[in-house]
Amino acid sequence: MTIDPAPLPAGLRALGTSDTPFTAVLDAAELPPGAMRRISRGDLDILLANTSAGLVAVDDRCPHMSAPLSIGALDGCIVDCPLHSGRFDLSTGEPVRMPTTGGLDPDGRYHPTWSAAGLPPKEDPPGKKAEARRLTRVRRIRYYPVRIVDGRIEVALPV
Ligand code: FES
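For the sequence shown, counting from 1, position 12 maps to 2 in my numbering; every step adds exactly one.
So this is what it looks like as structure tokens:
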């Protein structure tokens, strides 16, 4: 089985990874097409995903409120967050569906709360809670350089 790394989206490289050595983290055979795995090193949790656009390594934290994307669902290169159903394109780092709680997207545009089909409409909560939701932004995902050497997935981890 061969997996090619997906191109790293411009401007979305994780901090501290520009000049760091690669570390072997997983056998490539353990990540078939469509699979996601969390790997942890110290305080860092990384999501490895074998997407339709190629292999990606990103923070295993939703850019909305830090839920582990690795226990969500992957469809092609779209990952669905298990907490508020936000969807993110792992080939670009962009949200493709805002979370149910609404809020500001990465460009600062406001999106209202929403409910899944068949559920009653949600209201914005009053006062500070509404403001907190508004400011709980969806930021773009950050990427770690990744490669495959001798059947092992290697990631450039920050020092
Ligand atoms: S934490 Fe992922 S959509 Fe809210």
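Glycine included, C-beta positions come from ideal geometry on N, C-alpha and C.
inquiry  = Please enumerate, following chain order, all residues with a beta carbon closer than 6 Å to at least one heavy atom belonging to the ligand FES.
reply    = Shown in chain order are the residues whose CB sits closer than 6 Å to a heavy atom of the ligand FES: C52, H54, M55, A57, C71, L73, H74, G76, P89.
Handout entry: Secondary structure of L125, DSSP reduced to three states
Key = Your numbering for residue 125 matches position 135 in the sequence shown. Reduced to three states, the DSSP call for L125 is helix.
Subject >> Top-ranked residue by Cα proximity to G92, from A106, T82, S81, A146 >> reply: The residue you call residue 92 lines up with position 102 of the sequence shown. Answer by Cα proximity: A106.
DSSP state of E84 mapped onto helix, strand, coil: Sequence index remark: in the sequence shown, residue 84 carries index 94 (1-based). Here E84 sits in strand by DSSP.
What residue range does the beta strand (DSSP E) around R27 cover? As a working note, residue 27 is residue 37 in the sequence shown. From DSSP, the beta strand (DSSP E) with R27 extends over 26 to 31.
(request) Only counting runs of 3 or more residues, tell me where the beta strand (DSSP E) segments fall wholly within the segment 49 to 98, in order along the chain. (result) 63 to 65, 68 to 70, 77 to 79, 84 to 87, all fully within the segment 49 to 98.
With a 10 Å radius around its C-beta and 16 neighbouring C-beta atoms as the bar for buried, classify Y134 as buried or exposed. Taking the sequence shown and counting its residues from 1, the one referred to as residue 134 is at position 144. By the neighbour-count rule (16 or more Cβ atoms within 10 Å), Y134 is buried.
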